[in-house]
Amino acid sequence: GVKSYSQHARFEHRNSSHADGGSSVVGYQTRPFNTTIVNNGGFATTGTNTFTLSQGLYYVVAETTQCSAEGFLQLRNNSDGAYVNHYRTSETLQSVNVKGSSTSSDYIPHRLQGAFYLGSSKTIELQSFLADPNAGDGLGQDLVGSDSDVGSTDYTNDVYAWIEFWKISPTG
3 GVKSYSQHAR FEHRNSSHAD GGSSVVGYQT RPFNTTIVNN GGFATTGTNT
53 FTLSQGLYYV VAETTQCSAE GFLQLRNNSD GAYVNHYRTS ETLQSVNVKG
103 SSTSSDYIPH RLQGAFYLGS SKTIELQSFL ADPNAGDGLG QDLVGSDSDV
153 GSTDYTNDVY AWIEFWKISP TG
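The sequence shown maps to residues 3 to 174 in the numbering used here.
Written out as C-alpha cells, the structure reads:
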C-alpha cells in the first residue's frame, strides 16, 4: 500500500548557498530537481529535471513555492507530450489554481497529490504554470535574503520544491 516505504522516492530542488530559487517566466516551466533524498527500490531514474518511472500504479505528492499572482502544478509525460491523468479518469492530475496578489510579491505554496497509472515506462516532469514573470526569485526566495532575523548559519539548505513517489502496484 501507500504506507510502504519499500518503493518510495523523494527528490528536491535545494540550494545550500542561500541563493534564490531561479527566475520564472509566464507559462509552463519545468521545475528543477538537483537532490535525491531517497530512492528505495530504485524504481525511479532521474534525468535533467525528469523522472523515468516503469509501468505501474503510483501515488505522488509534490510541493513548490513560487512567486506569481496565479499558478498551479501538473505532471507532464515527456515520452508522449501528454499530461498525466488521475488514476482511472481522463482528468489531468494538477494542483488547485492558487491566486496571490497582482504585485507578484507573494510566495505561495502549491501542492499536487494523487494516484496515476503508467501503462509503460515513461519520463515525466513537474511543471509550474505561472501567470507572472519574476526575475531571480520567481521559483522561491532564500530565507536569509527574505528575513533579516535568519543568518546563513541557522540552517543548511533552502528547499524550493520537492516531489515524492510511492509505487503502489506494478500492474495497476
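Don't be surprised by glycine CBs; every beta carbon is placed ideally from N, CA and C.
* Asked: Per DSSP, which one or two residues make a beta bridge with N17?
  -> Start at 1 with the first residue of the sequence shown, and residue 17 comes out as number 15. Looking at the DSSP assignment, N17 forms a beta bridge with D160.
* Asked: Thinking C-beta only, is E127 closer than 7 Å to T47?
  -> Stepping through the sequence shown from its first residue, residue 47 is reached at position 45. Stepping through the sequence shown from its first residue, residue 127 is reached at position 125. Using a Cβ distance threshold of 7 Å, T47 and E127 do not count as a contacting pair.
* Asked: Do you know how far the Cα of F53 is from the Cα of V40?
  -> In the sequence shown, residue 40 corresponds to position 38, counting from 1. In the sequence shown, residue 53 corresponds to position 51, counting from 1. One C-alpha to the other measures close to 13 Å.
* Asked: In or out: R113 buried (at least 16 other Cβ within 10 Å) or exposed?
  -> Locating residue 113 in the sequence shown gives position 111, counting from the first residue. Per the 10 Å Cβ criterion, exposed.
* Asked: Where does D194 land, buried or exposed, given buried means 16+ other C-beta within 10 angstroms?
  -> No answer is possible for residue 194: the residues shown for the chain start at 3 and end at 174.
* Asked: Taking only runs of the beta strand (DSSP E) that begin and end inside the stretch 43 to 122, which ones reach a length of at least 3 residues, in chain order?
  -> 46 to 48, 53 to 55, 58 to 69, 72 to 79 and 109 to 120
* Which residues in the same chain as G3 place their Cβ atom closer than 6 Å to its Cβ, once the five residues preceding and following it in sequence are excluded? -> For the purposes of this step, residue 3 is identified with residue 1 of the sequence shown, where counting begins at 1. With a pLDDT of only 46 at G3, under the threshold of 50, the placement of this residue in the model should not be trusted; the figure read from the coordinates follows. Residues of the same chain with a CB within less than 6 Å of the CB of G3, apart from the 5 flanking positions on each side, do not exist.
* Residues of its chain near S34, where Cβ-Cβ distance is below 6 Å and the 5 sequence neighbours each way are ignored -> Position 32 of the sequence shown, counted from the first residue, corresponds to residue 34. Note that residue 34 is Pro in the sequence shown here, rather than Ser. So the qualifying residues of the chain are H15 and N51.
* To do: Find the nearest neighbour of F131 within the set N42, P111 and K124, judged by alpha-carbon distance.
  => Against the sequence shown, residue 131 aligns to sequence position 129. It is P111 whose Cα lies nearest to the Cα of F131.
* Look up Y30 in the DSSP assignment and say whether it is helix, strand or coil. => For the purposes of this step, residue 30 is taken as the residue at position 28 of the sequence shown. When secondary structure is reduced to three states using DSSP, Y30 falls in the strand class.
* To do: Pull up the CB-CB distance for S171 and L59, whole angstroms please, since I reckon it's below 8 Å.
  => Mapped onto the sequence shown, residue 171 falls at position 169. Mapped onto the sequence shown, residue 59 falls at position 57. Contact between S171 and L59 holds, with the beta-carbon distance rounding to 4 Å and staying under 8 Å.
* Please confirm whether A235 and Y89 have their CB atoms less than 7 Å apart. => A query on residue 235 cannot be resolved here, the shown segment of the chain reaching from 3 to 174 and no further.
* Identify whether S130 lies in helix, strand or coil by the three-state DSSP scheme. => The residue given as residue 130 occupies position 128 in the sequence shown. In this structure, S130 counts as strand in the three-state DSSP scheme.
* Same chain only: Cβ atoms within 7 Å of Q9, ignoring 5 sequence neighbours per side -> Taking the sequence shown and counting its residues from 1, one reaches residue 9 at position 7. If we look at Q9 and ignore the five residues flanking it on each side, its Cβ neighbours are N42, G43, F45, W168 and K169.
* Where T173 falls: helix, strand or coil (DSSP) -> Residue 173 sits at position 171 when you count from the first residue of the sequence shown. Looking at T173 - three-state DSSP - the assignment turns out to be coil, as it is neither helix nor strand.
* Asked: For S150, which residues from the same chain have a beta carbon less than 7 Å from its beta carbon, with the 5 sequence-adjacent residues on both sides left out?
  -> Here residue 150 refers to the residue found at position 148 when the sequence shown is read from its first residue. Because the pLDDT of S150 is 49, which lies under 50, any placement of that residue in the model is unreliable, and the number read from its coordinates should be weighed accordingly. Cβ neighbours of S150 beyond the five flanking positions: none.
* Beta-bridge partners of F167, as assigned by DSSP -> To locate residue 167, count along the sequence shown from 1; it is residue 165. Answer is A11 and V62.
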